[in-house]
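Residue numbers (this note's numbering): 241 to 637.
Cβ atoms here follow ideal geometry from the backbone N, Cα and C, with glycine treated the same way.
See below for the structure under consideration.
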């Protein structure tokens, strides 16, 4: 008969790599429905409180006291101060639902939409490129090649992206006749260069048309070019004044402090496998794809990357810790990423998890203890009884 041994301190943590009879003192081989404490003891796992119910809740995001969640094709808001809910809008009924907070504003990406939310207001994240036309007219401009661009301005003062200015050749005694078609509630800033110039200067703010008989070169300069609007992605993270957006093996960064535009020429990375974890740590970013990488210099003109682990994380298991560190599950247990890009495997010498192909993680703070809880699933496989084909038959007697 097995001898019963009472153990009062489990400070050694888990150990499932040793043989059962050789588990070190103070270690536990497995545990169920209990939570470890800093003192080396176990307590019962905390319970849960139902705050809202739904039939098809598939994603949850938060900003301040507001919790936004996807319920089927509805984007819902829960006010945690009052417990009330309301529908903010409609979204695709399935697919991606990701978000990140930048400057107290929640940026949301669904399968087909890019949205942003702040203080009860939901609006589009990004502006479409301004449609405009420029023709020759009669005026006082000299012969040369001119560049013209129009950008839309919304009520928040945000400029629409522009891929490239339009170029037009003029003879002496011509003008630039600019017409544009802004969205409702938007105005248009018109920028133009002098003859054969490379810098574009602000010529005026209009709502439909502008005739440029002469040109100014002492006003605000056009700083855009090579820019695009955000596109839907599957993962989002905030780092500094930028947003990191990933879909498949592509990761792109928004312009610093201008989250409504991204560059078509730089500030993006292509990986050999789909991005499965995207986590901020300090001023850098941990990215799991075919391997695990750390991106630095996010706010600068040329962000860089380096490999930190030769294998990827379990997809979806990334979580931000309260102190700003990043954590994710690997085939060798929990990995902790620091702000300098260093990574430690806290229990790889004594613990090997039963890994799935994807999962999710949460950091729980309770009674002074911080616990990372990870749930994982394996690949979806057809059941042996699944119908793969059928046929119809008519029986005649």
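- Inclusion of residue 414 and residue 381 in the CB contact set at 9 Å is warranted, their separation being smaller than that value.
- Residue 387 has its alpha-carbon roughly 12 Å from the corresponding atom of residue 375.
- Counting along the chain, residue 586 sits inside no beta strand (DSSP E), nor does DSSP assign it H or E at all.
- Inside the region 302-354, DSSP marks no whole alpha helix (DSSP H) run of 4 or more residues.
- Classified as buried, residue 470 has 16 or more neighbouring CB atoms from the shown chains inside 10 Å of its CB.
- Taking every protein chain shown into account, the CB of residue 371 has fewer than 16 other CB atoms within 10 angstroms, so this residue is exposed.
- Closest in alpha carbon position to residue 340, among 327, 354, 331, is 354.
- By the Cβ rule, the region 594-604 counts as touching the region 542-557, because three or more pairs are nearer than 8 Å.
- Here DSSP, grouped into helix, strand and coil, assigns residue 369 to coil.
- By the neighbour-count criterion, in which 16 or more other beta carbons inside 10 Å mark a residue as buried, residue 424 falls on the exposed side.
- In the three-state scheme derived from DSSP, where H, G and I count as helix and E and B as strand, residue 376 is classed as strand.
- Within the DSSP bridge table, the entry for residue 476 names 485 as partners.
- Rounded to the nearest angstrom, the gap between the Cα atoms of residue 294 and residue 260 is 44 Å.
- Around the beta carbon of residue 475, a 10 Å sphere encloses 16 or more other beta carbons of the protein chains shown; the residue is thus reported as buried.
- A distance of 9 Å or more separates the beta carbons of residue 301 and residue 328.
- Closest option to residue 393, judged by alpha-carbon separation, among 410, 580, 290, 369: 369.
- In this structure, residue 306 lies away from residue 366, with their beta-carbon atoms at least 9 Å apart.
- Annotation for residue 576: the continuous beta strand (DSSP E) segment containing it runs 573-577.
- Between the region 425-434 and the region 316-336, the count of Cβ pairs shorter than 8 Å is below three; the stretches do not touch.
- With fewer than 16 other Cβ atoms inside 10 Å of its own Cβ, residue 463 counts as exposed.
- Under DSSP, residue 605 shares a beta bridge with 610.
- Cβ neighbours of residue 606 within its own chain (closer than 6 Å, five residues either side excluded): 286.
- The shortest CA-to-CA distance from residue 486 to any of 457, 446, 518 is the one to 518.
- With distances taken between CA atoms, residue 313 lies nearest to 298 out of 345, 586, 298.
- DSSP places residue 521 inside the beta strand (DSSP E), whose first and last residues are 517-521.
- In the three-state reduction of the DSSP assignment, residue 417 falls in the strand class, which pools E and B.
- Nearest in C-alpha terms to residue 566, of all of 592, 608, 584, 521, is 521.
- In terms of Cα proximity to residue 256, the closest of 592, 615, 603, 608 is 592.
- With respect to the 9 Å criterion, residue 273 and residue 290 are not classified as neighbours on the basis of their beta carbons.
- According to the DSSP secondary-structure assignment, residue 276 is paired through a beta bridge with 282.
- When DSSP states are grouped into helix, strand and coil, residue 546 belongs to the strand group.
- In the DSSP assignment, the residues bridged to residue 467 are 503.
- The residue among 315, 577, 468 with its C-alpha nearest the C-alpha of residue 563 is 577.
- It is roughly 39 Å from the alpha-carbon of residue 495 to the alpha-carbon of residue 378.
- Per DSSP, residue 449 is one residue of the beta strand (DSSP E) stretching across 449-452.
- For residue 261, the three-state secondary structure derived from DSSP is helix.
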